[in-house]
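K.L.:
Mapped onto this note's numbering, the consecutive letters of the sequence shown carry residue numbers 1240 to 1723.
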Amino acid sequence: MYDFLEKYVGCRWYSSDATVVPSKKSVTLPVVATSYSPKVKWREVYYYELCDPEIAAHLRLNGNMLLKGKIGDERHVIQGGNHADWGLWCHSLYDLVSPNLYSTHPEYFAEAKGQRVKPRPDGTQLCLTNPDLVPIATKSLRHLTQQTQRNVPVWGTPLAHYWSVSQMDGRGNCTCEKCLAADKYDGSPSGTMLKFVNQIADSFPDLKIATLAYTYTRKAPLHTKPAKNVVIQMCAIETAREGINFPIATSDMHAGFRRDLVDWGRISNEILVWDYEIQFQNLLAPFPNYATMQDNIRFYIANNVAAIFCQGNREKGGEFAELRGYLLAKLLWNPDCDVQKEMDDFIMGYYGKGGVYIKQYINEMELALAESGKRLSMDGEPEEHSDGFLSEKHMNSYRHLFDQAEKAVANDKIYLDRIRKERLGIMYAQVRLGYGSAAERSKLVEQICQIAKENDIWMFSEVETRKDQSGNRDMFFKRYHSAN
């Protein structure tokens, strides 16, 4: 229905606070017979802005069921809720086998250097070849699957169909004699994990049991295959770290991930790819990664991927959060859409007459990044591109474009505020890179923090504990205002 309203009536849902519904006395429709089955069956774009059941439905996202929340007085963040149709989502082994069992059964937990390691939230795992663990985990999972979910939108379901039985974050896989032998047999610890998961999945034939292919389990096993109802959650984290602006399907730097995905695609009935779209360390900084979005999604689909989770910003705000969320939703619904046309439509609809200059800004950034040949990383810093797309020469051009954009909408506060929010990117980069006088940068810091406050933006990084202690708005002000 929403696809129909967009295509034939001209409705648009750019964000939760930007809806276009044309006022027409009549609408003339062509006589058409049409049907559509999305190539990506399960679609989630993880942005704070999209944690709203209405905008998620408008953009045909059938995975977004998490909730907007708040921590303290200032921090607006995804807080609570579930991924639609999912019970346990990932890193779930300790939900099924309690870490409290370590005191009485240390043999249930991973061995390292001949010693059983006390469990902690990340960097430790279970001893998956211990025969006692399958019945314990199965019993725990059976209890969890009987719980109904709350706050379910009309397009959701109260009983989850997908349940992840997957490794904890970090590494720490078991190196006991039995686990090492199992790892060696399959050429990867993923085989040991799959044998464990397959046994549990056998008790839940009507459910999908998912497990991660992540860090040490990313490589597909040589012999063990996923059971029919086992879903592989494959994380593309290395591609986002190594060079997110280079396409996965063709770039030499992504050959390892490409090989692993192809191998999993040959043996799996269903794969969910966990993709990454954001620069975690600097949520405000310019991050021109648009050019590879469509290519990567098409590559995933060509290799048996039926579900895609796009990791964005859990915090409110972030550079072009609304634009990225919108484009990703469009690509997940129709990977063959005209993505440039969709981008132009959003930019002109969301930024008004200033959109012409916003589009030019994005184009200039992408071209400058491509000409530099540098890699864009989700863990990167602006300083890495000071002689590339964030050089002082390019930054001067970007500022001029934003000046023109603001001038074009000077009499429309809604468009002006949206453009000023996006200007935070180059303002933040200028402060970080030390362009301009100390007085200019101090004034910029004040402006950045004021605009961020007006837009409820608290976190400037995914973590507050950066080495320079500038992870949130107050920290940034203290670090850079006093330094200037």
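The beta carbon of each residue, even a glycine, is placed where N, CA and C say it ideally should be.
1) Ordered along the chain, which non-local residues of its own chain (more than five positions away) have a Cβ less than 8 Å from that of Q1686?
2) For the ligand GTP, any of its heavy atoms closer than 7 Å to the Cβ of L1663?
3) Secondary structure at F1548, three-state DSSP: helix, strand or coil?
4) Quick one: give me the first and last residue of the beta strand (DSSP E) that R1251 is part of.
5) Are the beta-carbon atoms belonging to T1456 and P1428 less than 8 Å from one another?
6) Given a cut-off of 8 Å on the beta-carbon distance, is the pair V1279 and I1547 in contact?
7) For the beta strand (DSSP E) that contains Y1515, what are its first and last residues?
8) For L1590 and K1580, what's the separation of their Cα atoms in angstroms?
9) Along the chain, which unbroken stretches of the alpha helix (DSSP H) at least 4 residues long are found entirely within the region 1264 to 1312?
10) Applying the criterion that 16 or more other CB atoms from any shown protein chain within 10 Å of the CB defines a buried residue, is E1693 buried or exposed?
11) Quick one: what's N1711 bridged to in DSSP?
12) Whose C-alpha, out of A1421, F1435, T1478, is nearest the C-alpha of L1461?
13) Which whole-angstrom value is the C-beta distance of S1405 and C1329, which I expect to be below 8 Å?
14) Enumerated in chain order, which unbroken segments of the alpha helix (DSSP H) with a length of 4 residues or greater are wholly contained in the region 1353 to 1427?
15) Using CA coordinates, which residue listed in A1668, P1486, Q1643 is at the minimum distance from S1625?
16) Please classify H1639 as buried or exposed, where buried requires at least 16 neighbouring CB atoms within 10 angstroms.
17) Strictly by DSSP, which residues pair up with K1447?
18) Could you tell me which of D1441, H1322, T1377, D1707 sits nearest to Y1333, measuring between CA atoms?
19) Where in the region 1551 to 1589 do unbroken runs of the alpha helix (DSSP H), each at least 4 residues long, occur, reported from the N-terminal end onward?
20) Throw me the rounded Cβ distance for the G1311 and E1283 pair, which I believe falls under 8 Å.
21) In whole angstroms, what is the alpha-carbon distance linking N1321 and S1681?
22) Taking DSSP as the reference, what is the three-state secondary structure of E1729?
23) Among all the DSSP beta bridges, which residues are the ones paired with V1670?
24) DSSP state of M1473, grouped into three classes?
25) For V1316, write down the residues that DSSP places opposite it in a beta bridge.
26) Where does A1323 sit, in a helix, a strand or coil, going by DSSP?
27) When you compare each of P1444, L1433, I1510, P1527 to A1479 by their alpha carbons, which one comes out closest?
28) Spatial neighbours of P1338 within its chain, please: C-beta separation below 7 Å, excluding the five flanking residues on both sides.
29) Report back the beta-carbon spacing between I1483 and S1616 to the nearest angstrom; my notes put them in contact at under 8 Å.
30) Taking Cβ to Cβ, would you say A1349 is nearer than 8 Å to G1411?
31) Helix, strand or coil: which one does DSSP assign to T1489?
32) Unbroken alpha helix (DSSP H) runs of length 4 or more, entirely within the region 1630 to 1656: which are they?
33) Label I1653 either buried or exposed according to how many other C-beta atoms from any shown protein chain fall within 10 Å of its C-beta, with 16 as the threshold for buried.
34) Consult DSSP for T1258 and reduce its assignment to one of helix, strand or coil.
35) I'd like the span of the alpha helix (DSSP H) that includes L1523, first residue to last.
36) A1323 to E1516, Cα distance in whole Å?
P.N.:
Working from what's here:
1) Stepping through the sequence shown from its first residue, residue 1686 is reached at position 447. Excluding sequence neighbours, Q1686 sits near M1666.
2) For the structure depicted, the ligand GTP is absent and the ligand set is empty, with no information on it obtainable.
3) Position 309 of the sequence shown holds residue 1548. Looking at F1548 - three-state DSSP - the assignment turns out to be strand.
4) Looking up residue 1251 in the sequence shown gives position 12. Taken as a continuous stretch (DSSP letters only), the beta strand (DSSP E) holding R1251 covers 1251 to 1254.
5) Position 217 of the sequence shown, counted from the start, is the residue given in the question as residue 1456. Position 189 of the sequence shown, counted from the start, is the residue given in the question as residue 1428. The answer is yes: Cβ separation under 8 Å.
6) Counting from one through the sequence shown, the residue named residue 1279 turns up at place 40. Counting from one through the sequence shown, the residue named residue 1547 turns up at place 308. Contact flag set, yes.
7) Mapped onto the sequence shown, residue 1515 falls at position 276. DSSP places Y1515 inside the beta strand (DSSP E), whose first and last residues are 1510 to 1515.
8) Against the sequence shown, residue 1590 aligns to sequence position 351. Against the sequence shown, residue 1580 aligns to sequence position 341. Correcting the residue identity first, residue 1590 is Tyr in this sequence and not Leu. If I take the Cα positions, the gap works out to 15 Å.
9) Look at the region 1264 to 1312 and you find these whole runs of alpha helix (DSSP H), each 4 residues long or longer: 1292 to 1297.
10) On the sequence shown, position 454 is the one that residue 1693 refers to. With fewer than 16 Cβ atoms within 10 Å of its Cβ, E1693 is classed as exposed.
11) In the sequence shown, the residue the question calls residue 1711 occupies position 472. Under DSSP, N1711 takes part in a beta bridge, and its partners are M1698.
12) The count along the sequence shown starts at 1 and reaches residue 1461 at position 222. Just measuring C-alpha positions, the residue of A1421, F1435, T1478 sitting nearest L1461 is A1421.
13) For the purposes of this step, residue 1405 is taken as the residue at position 166 of the sequence shown. For the purposes of this step, residue 1329 is taken as the residue at position 90 of the sequence shown. The Cβ separation is near 5 Å, so the contact holds.
14) Within the region 1353 to 1427, the complete alpha helix (DSSP H) segments of 4 residues or longer fall at 1372 to 1384, 1416 to 1425, listed in chain order.
15) Sequence index remark: in the sequence shown, residue 1625 carries index 386 (1-based). Here the closest residue by C-alpha is A1668.
16) To locate residue 1639, count along the sequence shown from 1; it is residue 400. By the neighbour-count rule (16 or more Cβ atoms within 10 Å), H1639 is not buried but exposed.
17) Here the question's residue 1447 lines up with position 208 in the sequence shown. DSSP output for K1447 lists Y1401 as bridge partner(s).
18) In the sequence shown, residue 1333 corresponds to position 94, counting from 1. Nearest neighbour of Y1333 by Cα position, chosen from D1441, H1322, T1377, D1707, turns out to be T1377.
19) Fully enclosed alpha helix (DSSP H) runs of 4 or longer: 1560 to 1572.
20) The count along the sequence shown starts at 1 and reaches residue 1311 at position 72. The count along the sequence shown starts at 1 and reaches residue 1283 at position 44. At roughly 27 Å, the Cβ-Cβ gap does not stay under 8 Å, so G1311 and E1283 are not in contact.
21) Numbered from 1 along the sequence shown, position 82 holds the residue referred to as residue 1321. Numbered from 1 along the sequence shown, position 442 holds the residue referred to as residue 1681. Rounded to whole angstroms, N1321 and S1681 show a C-alpha spacing of 42 Å.
22) Absent from the structure is residue 1729, since the part of the chain shown begins at 1240 and ends at 1723.
23) What you label residue 1670 is simply residue 431 of the sequence shown in a count that begins at 1. Paired residue(s): none; V1670 is not in a bridge.
24) Stepping through the sequence shown from its first residue, residue 1473 is reached at position 234. Strand.
25) Taking the sequence shown and counting its residues from 1, one reaches residue 1316 at position 77. Looking at the DSSP assignment, V1316 forms a beta bridge with G1308, E1554.
26) The residue labelled residue 1323 in the question sits at position 84 within the sequence shown. If DSSP states are grouped into helix, strand and coil, A1323 belongs with coil.
27) Within the sequence shown, residue 1479 is the residue found at index 240, counting from 1. Ranked by Cα distance from A1479, the first of P1444, L1433, I1510, P1527 is P1527.
28) To locate residue 1338, count along the sequence shown from 1; it is residue 99. Answer for P1338: P1358, listed in chain order.
29) As a working mapping, residue 1483 is identified with position 244 in the sequence shown. As a working mapping, residue 1616 is identified with position 377 in the sequence shown. Their Cβ separation, rounded to whole angstroms, is 7 Å, which keeps I1483 and S1616 in contact under 8 Å.
30) Sequence index remark: in the sequence shown, residue 1349 carries index 110 (1-based). Sequence index remark: in the sequence shown, residue 1411 carries index 172 (1-based). In terms of Cβ geometry, A1349 and G1411 form a close pair [threshold 8 Å].
31) Along the sequence shown, one-based indexing puts residue 1489 at 250. In the displayed model, T1489 falls within coil according to three-state DSSP, outside both helix and strand.
32) Fully enclosed alpha helix (DSSP H) runs of 4 or longer: 1631 to 1647.
33) Along the sequence shown, read from residue 1 onward, the residue named residue 1653 stands at position 414. With fewer than 16 neighbouring CB atoms inside 10 Å of its own CB, I1653 falls in the exposed class.
34) In the sequence shown, counting from the first residue as 1, residue 1258 sits at position 19. If DSSP states are grouped into helix, strand and coil, T1258 belongs with the strands.
35) In the sequence shown, counting from the first residue as 1, residue 1523 sits at position 284. Boundaries for L1523: no alpha helix (DSSP H) harbours it, and the DSSP string shows neither H nor E there.
36) Here residue 1323 corresponds to residue number 84 of the sequence shown, with the count starting at 1. Here residue 1516 corresponds to residue number 277 of the sequence shown, with the count starting at 1. CA-to-CA, the gap between A1323 and E1516 works out to about 20 Å.
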